[in-house]
Amino acid sequence: MFDREDSDSDAPEEFTALQGIQQDEEIRKIQKESKARVAREGKERRRKWAEKLTPRQSKESKDTAQGEEDDVSGSEPQHNSNPASGFLPDDIVKMLAAREKQVFLPDSDEEKEKAKTNLATSKKRKSKNSGLEPVILSELGPPQCVQGALEFLKKRKMSVQRSSSALNNSNRAFRLLSKSGVILQK
Numbered sequence: 001m002f003d004r005e006d007s008d009s010d011a012p013e014e015f016t017a018l019q020g021i022q023q024d025e026e027i028r029k030i031q032k033e034s035k036a037r038v039a040r041e042g043k044e045r046r047r048k049w050a051e052k053l054t055p056r057q058s059k060e061s062k063d064t065a066q067g068e069e070d071d072v073s074g075s076e077p078q079h080n081s082n083p084a085s086g087f088l089p090d091d092i093v094k095m096l097a098a099r100e101k102q103v104f105l106p107d108s109d110e111e112k113e114k115a116k117t118n119l120a121t122s123k124k125r126k127s128k129n130s131g132l133e134p135v136i137l138s139e140l141g142p143p144q145c146v147q148g149a150l151e152f153l154k155k156r157k158m159s160v161q162r163s164s165s166a167l168n169n170s171n172r173a174f175r176l177l178s179k180s181g182v183i184l185q186k
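Residues in the sequence shown are numbered consecutively from 1, following UniProt numbering.
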């Protein structure tokens, strides 16, 4: 009667303790790799963003800087103090570090003040309101459309000919008409 196999059932899959440990190790390994990948991608994204923000040298200044490096390396004998090949000599590294420090010198106080004023004028500060505040309806008063509607109804009511007693005592007149059955007749 039951031709189904065990794999077709809706019951949860059962594992031995060893299989469970192996799957747990695999899951932890994948999670660790994923975290490392996310961190690596974040660093790469920040590095690219920093490259965009750093000022770039013009082609002429790059050519002159390249020529100076050639002159320095040509006049001095090359000796690698670093044991691994592929690294630049210490004197070239120091020269490049000094040049990099010159590029990133802080601005004068006047330039800093100008930059601050430019930022203040260019960026408008947004209010920190979330936009949702409690509204008290009694403080607002009735909207204009309600007043217009009431005026319309009053004019309409006055245009219909009635006795002055019905107009002055509208609630009482309504009661009298409803009791007598005039309003309820169809």
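We treat Cβ as the ideally placed atom computed from N, Cα and C, and that holds for glycine.
The model shown is predicted, which means the values in this text are computed figures rather than measured ones.
Review point. Which class does N171 belong to by DSSP, given the choice of helix, strand or coil?
Key: helix
Point to revise | C-alpha gap between A97 and R46, whole angstroms | key: 22 angstroms
Review point. Span of the alpha helix (DSSP H) holding A11?
Key: Unbroken run through A11: none, as it is neither H nor E.
Check your understanding: Could you give the residue range of the alpha helix (DSSP H) that holds G20?
Key -> 17-53
Review point. In whole angstroms, what separates the C-alpha of F87 from that of K94?
Key: 13 angstroms
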